[in-house]
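Report on the following structure.
In structure tokens form, the structure reads like this:
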């Protein structure tokens with residue numbers, strides 16, 4: 002497998018590693034010679050992995066392209082979450098105590114370079130932390146409690162520019178050894194078992210399920226012999242008491258819903274929406290790359306950055322649509338009709354994200370929504386555009402107007418729509434998804450895949466009724482049972 006090292010500027014990487022190409026982050030993100038590569042491991046050593054920075058997008062789009070990013074976006078998010086760090090490091094508690102016992106100070110910083118430390122006595126703990134938090138260059142900070150117990154307080158990725166001068170020869174030697182061995186496979190995370198928690202906020206302005214639907218989920222769980230408890234964000238500390246988590250709040254990577262998903266996953270619980278689905282669905286840039294790579298039809302799309310704004314009008318025509326990567330509920334999605342407006346709105350979006358999505362304007366009277374659960378179509382609906390508007394939702398806050406929701410029997414949905422929806426959803430995972438599609442004549446395109454689809458009483462459930470809730474709960478029962486049997 003080929004290896005790439007991606008840095009902000011190749012001059013930042015002063016080491017010589019035979020057979021390993023060093024490229025800039027911007028080149029990797031924007032040049033087709035890299036997006037078209039197959040069988041590549043991407044070692045991301047950018048200066049920052051901050052959300053929607055260049056470093057963040059290198060790992061995100063590497064995954065979308067079928068490359069293997071190191072670190073993955075999941076690892077990047079884990080490293081930011083103290084609770085995840087604590088849970089994962091608890092697995093190594095005995096090793097940590099044994100390795101650090103001779104240290105007299107109350108804190109200790111451990112540098113981990115490709116799984117090794119300069120002092121050989123820390124090799125075992127370095128190797129285990131490298132497996133748990135799979136990133137090339139790490140800095141772990143340990144503190145000792147008053148009772149003498151050592152604990153990992155933080156572990157962070159570092160860039161090549163942060164390597165002390167006295168460590169550089171060692172780092173180069175370890176990098177050469179590591180790449181020579183060609184062992185570029187990320188460790189698997191074990192998943193493991195019966196009481197369902199439903200995360201729900203009744204105060205949320207646009208929740209994916211209303212209170213009536215939540216009550217129907219609870220009753221469906223009870224019909225299947227499973228207990229269901231509605232929890233909120235303040236119940237994070239008690240999450241491990243449950244066997245499964247069903248998230249019925251709007252998800253985002255920089256939100257407690259993602260932390261709940263990661264915690265549930267780390268505890269071995271069954272979870273919908275799983276953290277990988279949240280990562281993949283909540284970023285439109287990832288979806289655009291993924292759909293293009295797998296040749297799933299979508300509106301003509303340009304991944305927009307500051308250097309290619311001038312190509313958009315010629316490629317897509319005007320008007321066209323601009324989308325923030327993390328847009329949701331029609332917010333952060335705008336139609337631009339002139340090149341001046343395009344530049345102005347794109348520059349505004351660039352203040353929040355290095356990359357933006359531009360898509361052709363593809364007007365239809367309604368969007369198809371196909372609900373997919375565990376790889377199978379579950380429900381279908383037509384989401385009609387708001388009156389005299391090009392989107393389903395018009396306006397903001399109390400002045401919002403909505404298009405009509407029309408549930409449709411699956412047998413009445415055109416087969417190409419269902420087939421295309423399944424192709425798109427199955428690229429994301431085996432959870433619960435709402436695939437939005439447009440159909441005009443024989444052309445069917447995927448607009449987006451939502452990890453947290455709307456399931457509201459009196460709307461999406463009007464065809465299947467209680468059977469819709471039963472089928473969702475049955476998936477939880479089946480998966481918990483499988484985990485309890487070690488399957």
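Residue numbers (the numbering used here): 2 to 488.
C-beta atoms are modelled at their ideal positions from N, C-alpha and C, and glycine is treated no differently.
- By the neighbour-count criterion, in which a residue is buried when 16 or more other Cβ atoms sit within 10 angstroms of its Cβ, residue 99 is exposed.
- Annotation: the continuous beta strand (DSSP E) that includes residue 109 extends over 108-114.
- Separation of the CB atoms of residue 225 and residue 478 is rounded to 5 Å, and the pair is thereby assigned contact status at 8 Å.
- Just so you know, the alpha carbons of residue 108 and residue 148 end up roughly 13 Å apart.
- In the three-state reduction of the DSSP assignment, residue 387 falls in the coil class, being assigned neither a helical nor a strand state.
- If you check the CB distance, residue 265 and residue 279 do not come in under 7 Å.
- Cβ neighbours of residue 432 within its own chain (closer than 8 Å, five residues either side excluded): 273, 274, 275, 278, 374, 375, 452.
- The DSSP-derived three-state label of residue 372 is strand.
- At least 7 Å separates the beta-carbon of residue 481 from that of residue 35.
- With respect to the C-alpha of residue 44, the residue from 471, 80, 117, 138 having the closest C-alpha is 138.
- With fewer than 16 neighbouring CB atoms inside 10 Å of its own CB, residue 311 falls in the exposed class.
- Inter-residue distance for residue 444 and residue 181 is about 49 Å (C-alpha atoms, whole angstroms).
- Nearest Cα to residue 378 within the set 90, 91, 412, 204: 412.
- From the listed residues 59, 317, 175, 66, the smallest Cα separation to residue 115 is found for 175.
- A Cβ-Cβ contact shorter than 7 Å links residue 469 with residue 380.
- DSSP, read as helix, strand or coil, puts residue 311 in helix.
- Under the three-state reduction of DSSP, residue 171 is assigned to helix.
- For residue 461, there is no enclosing beta strand (DSSP E), since its DSSP letter is neither H nor E.
- Spatial neighbours of residue 248 in its own chain (CB-CB distance under 6 Å, excluding positions within 5 residues in sequence) are listed in chain order as 200, 258, 274.
- Counting only runs that start and end inside the stretch 288-367, the alpha helix (DSSP H) elements of at least 4 residues fall at 313-317, 340-351.
- In the DSSP annotation of this structure, the continuous segment of the alpha helix (DSSP H) that includes residue 91 starts and ends at 83-91.
- Here residue 337 is not near residue 410, since their CB atoms are 7 Å or more apart.
- Taking a cut-off of 8 Å on C-beta distances, the stretch 44-54 touches the stretch 70-85, as three or more cross pairs fall below it.
- Non-local beta-carbon contacts of residue 211 in its own chain, meaning distances under 8 Å to residues more than five positions away in sequence, involve 457, 458 in chain order.
- Scanning 102, 12, 97, 308 for the CA closest to the CA of residue 128 turns up 97.
- Separation of residue 297 and residue 281 (C-alpha to C-alpha, rounded to the nearest whole angstrom) is 16 Å.
- Residue state for residue 52 is assigned as coil, using DSSP reduced to three classes.
- In the three-state reduction of the DSSP assignment, residue 100 falls in the helix class.
- Annotation for residue 199: the continuous beta strand (DSSP E) segment containing it runs 197-200.
- Non-local beta-carbon contacts of residue 367 in its own chain, meaning distances under 8 Å to residues more than five positions away in sequence, involve 383, 384, 385, 386, 404, 407 in chain order.
- For the options 3, 67, 462, the alpha carbon positioned closest to that of residue 23 is the one of 3.
- Scanning 110, 119, 414, 80 for the CA closest to the CA of residue 135 turns up 80.
- It is roughly 8 Å from the alpha-carbon of residue 243 to the alpha-carbon of residue 270.
- Here residue 294 is near residue 66, since their CB atoms are less than 7 Å apart.
- In the structure shown, residue 122 falls within a helical segment according to DSSP collapsed to helix, strand and coil.
- With respect to the 7 Å criterion, residue 286 and residue 359 are not classified as neighbours on the basis of their beta carbons.
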